[in-house]
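In our numbering, the protein residues as written are 2 to 250. Just so you know, even glycine gets a beta-carbon here, dropped at the ideal spot from N, CA and C. To start, the structure under review is shown below, and the notes come after it.
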């Protein structure tokens with residue numbers, strides 16, 4: 002996976018970005034993300050796909066988002082449902098507890114416009130807390146993304162809509178749907194890591210503890226590569242629809 006360098010487009014860009022946000026009980030965090038997206042130029046299409054929240058998340062989405070879908074709480078399924086109704090040529094998948102960098106939409110459009118060989122990409126990862134352990138985890142995630150073409154969902158995956166549909170979307174897995182999709186995308190062609198930092202919540206590490214969360218990440222990947230089913234991995238290591246996405250969160 003290549004690392005992007007600053008490039009300025011000489012031609013106007015007419016493509017649109019559709020932002021797809023899966024949610025489950027995110028009433029406290031969703032407004033901050035939606036407010037950030039409203040400030041983006043050009044304005045993206047915003048689609049919230051809720052998994053049956055009980056805390057008013059859907060009410061917030063109705064106010065701010067262009068579209069609200071309510072479906073079962075399985076992130077891969079939610080992301081695919083959002084992609085089905087998206088009208089943009091570029092799909093950008095964001096977690097509700099993420100804060101993208103300023104001008105993120107323009108950066109995505111610029112790099113894909115100027116480098117048509119790219120299928121998609123993601124941003125560098127940063128946590129909203131700055132402990133030594135979390136800095137080390139973010140460093141490892143960014144190194145993995147660059148060396149092995151494997152960013153996770155908490156890095157803001159974006160992809161050309163046509164390519165997403167050719168690949169069949171996200172696997173309908175209870176966990177690790179972002180990892181599985183990114184592996185398919187990397188096999189299909191070139192992707193990029195943008196240098197800007199996308200900030201994501203460290204709440205999973207707060208809850209589990211940094212060491213235990215890291216241990217779970219490695220065990221999850223080990224089980225995956227050993228051929229265990231996603232259902233077994235979920236039962237062993239994850240709670241249903243555990244918010245945050247990839248194994249680095």
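For residue i, which residues from the same chain have a beta carbon less than 7 Å from its beta carbon, with the 5 sequence-adjacent residues on both sides left out?
i: residue 213; result: none
i: residue 152; result: 123, 146, 158, 183, 194
i: residue 176; result: 231, 234, 235, 239
i: residue 108; result: 195, 197
i: residue 174; result: 77, 181, 231
i: residue 58; result: 24, 26, 27, 28, 31, 51
i: residue 220; result: 238
Sorted by chain position, which residues of the same chain lie with C-beta nearer than 8 Å to residue i's C-beta, five sequence neighbours on each side aside?
i: residue 17; result: 43, 45, 46, 88, 89, 90, 91
Express the C-alpha separation of residue j and residue i in angstroms, rounding to a whole number.
i: residue 73; j: residue 48; result: 16 Å
i: residue 24; j: residue 156; result: 16 Å
i: residue 99; j: residue 31; result: 9 Å
i: residue 128; j: residue 144; result: 15 Å
i: residue 228; j: residue 222; result: 10 Å
i: residue 101; j: residue 232; result: 31 Å
i: residue 126; j: residue 136; result: 10 Å
i: residue 67; j: residue 61; result: 12 Å
i: residue 203; j: residue 186; result: 27 Å
i: residue 252; j: residue 166; result: Residue 252 lies beyond the range of the chain shown here (2 to 250); nothing can be said about it.
i: residue 130; j: residue 138; result: 12 Å
i: residue 120; j: residue 84; result: 16 Å
i: residue 168; j: residue 22; result: 20 Å
i: residue 52; j: residue 80; result: 11 Å
i: residue 224; j: residue 217; result: 10 Å
i: residue 104; j: residue 189; result: 28 Å
i: residue 113; j: residue 160; result: 9 Å
i: residue 150; j: residue 142; result: 11 Å
i: residue 75; j: residue 106; result: 26 Å
i: residue 95; j: residue 54; result: 17 Å
i: residue 93; j: residue 20; result: 5 Å
i: residue 117; j: residue 192; result: 11 Å
Which partner residues of residue i appear in the DSSP bridge assignment?
i: residue 48; result: 21, 68
i: residue 121; result: 160, 192
i: residue 99; result: 201
i: residue 126; result: 199
Apart from the five residues on each side of it in sequence, which residues of its chain come closer than 6 Å, Cβ to Cβ, to residue i?
i: residue 82; result: 50, 70, 72
i: residue 39; result: none
i: residue 65; result: 35
Grab the span of the beta strand (DSSP E) containing residue i for me, first residue to last.
i: residue 94; result: 91-94
What are the boundary residues of the alpha helix (DSSP H) that residue i is part of?
i: residue 32; result: 31-39
i: residue 226; result: 211-226
i: residue 114; result: 105-115
i: residue 83; result: 76-86
i: residue 140; result: 133-149
i: residue 231; result: 231-238
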